[in-house]
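Each residue of the sequence shown is one higher than the one before, starting from 0 at the first, in numbering that gives the first Met the number 0.
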Amino acid sequence: MADRYGLYLADKGITDRATVIIDAGGTVRHVSSVTPAGKRDIAELAALCEQLDAAYDGPVADPPPAPPGLPDNASLYVKDHCMFSRWALFARRNLHLEDGLPVTNVSRDPAALEHLRTVGGKPQAPALVCGSDVLYESKDIVDLMVRATQPAL
Numbered sequence: 000m001a002d003r004y005g006l007y008l009a010d011k012g013i014t015d016r017a018t019v020i021i022d023a024g025g026t027v028r029h030v031s032s033v034t035p036a037g038k039r040d041i042a043e044l045a046a047l048c049e050q051l052d053a054a055y056d057g058p059v060a061d062p063p064p065a066p067p068g069l070p071d072n073a074s075l076y077v078k079d080h081c082m083f084s085r086w087a088l089f090a091r092r093n094l095h096l097e098d099g100l101p102v103t104n105v106s107r108d109p110a111a112l113e114h115l116r117t118v119g120g121k122p123q124a125p126a127l128v129c130g131s132d133v134l135y136e137s138k139d140i141v142d143l144m145v146r147a148t149q150p151a152l
């Protein structure tokens, strides 16, 4: 993308520290560079965005469709001192799923460990339980969380 906007500095192998403002109709309205070592003036850029927004009178594109989200009954089971559980928890936080995906720590709750064994057939965590479906591989769990947060285009 930086190359398409002429902001890739091929001789240095990096992108320029630049700002590109595109209006609701898809037209580039502003491009500025502060060089890779520079700092942007955020207040100035915010004021420019407000000015461009106020002046825009063209069509506004429909917003992207809402992401599918996780099933209402989804629950994440994790263990203490497990790097795969930590990975799933980091993904949950980074994808802003804290409010929609409850977590149960089976290292601290023996009844939850037994429930996991009953539902999924084994006491392995991390596990993402969605009804009768259980995912045990952390990569599969994170992939499902990512898909749940991405708009279906």
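Heads up, the beta-carbon is just placed ideally off N, CA and C, and yes, glycines get one too.
Buried versus exposed, by CB contacts within 10 Å (16 or more), residue i
| i | result |
| --- | --- |
| I21 | exposed |
| P109 | exposed |
| A90 | buried |
| S131 | exposed |
| V59 | exposed |
Range of the contiguous alpha helix (DSSP H) that encloses residue i
| i | result |
| --- | --- |
| A46 | 41 to 54 |
| S137 | 137 to 148 |
| A110 | 109 to 119 |
Residue i to residue j span [Cα, whole Å]
| i | j | result |
| --- | --- | --- |
| L143 | V133 | 11 Å |
| T148 | T103 | 21 Å |
| P67 | L96 | 13 Å |
| S106 | R28 | 54 Å |
| S31 | L115 | 54 Å |
Residue closest to residue i, alpha-carbon to alpha-carbon, out of the options
| i | options | result |
| --- | --- | --- |
| A54 | A23, D10, V19 | A23 |
| T34 | A124, P150, T14 | T14 |
| D79 | P62, D71, L6, L88 | L88 |
| V145 | T117, R92, V118, G119 | R92 |
| K11 | D2, T18, V19 | D2 |
Residue i, enclosing beta strand (DSSP E) - first and last residue
| i | result |
| --- | --- |
| S32 | 27 to 32 |
| S84 | Premise fails: S84 lies in the alpha helix (DSSP H), 82 to 93, not in any beta strand (DSSP E). |
| N72 | Per DSSP, N72 belongs to no beta strand (DSSP E) and is neither H nor E. |
| D132 | 132 to 134 |
| A17 | 17 to 21 |
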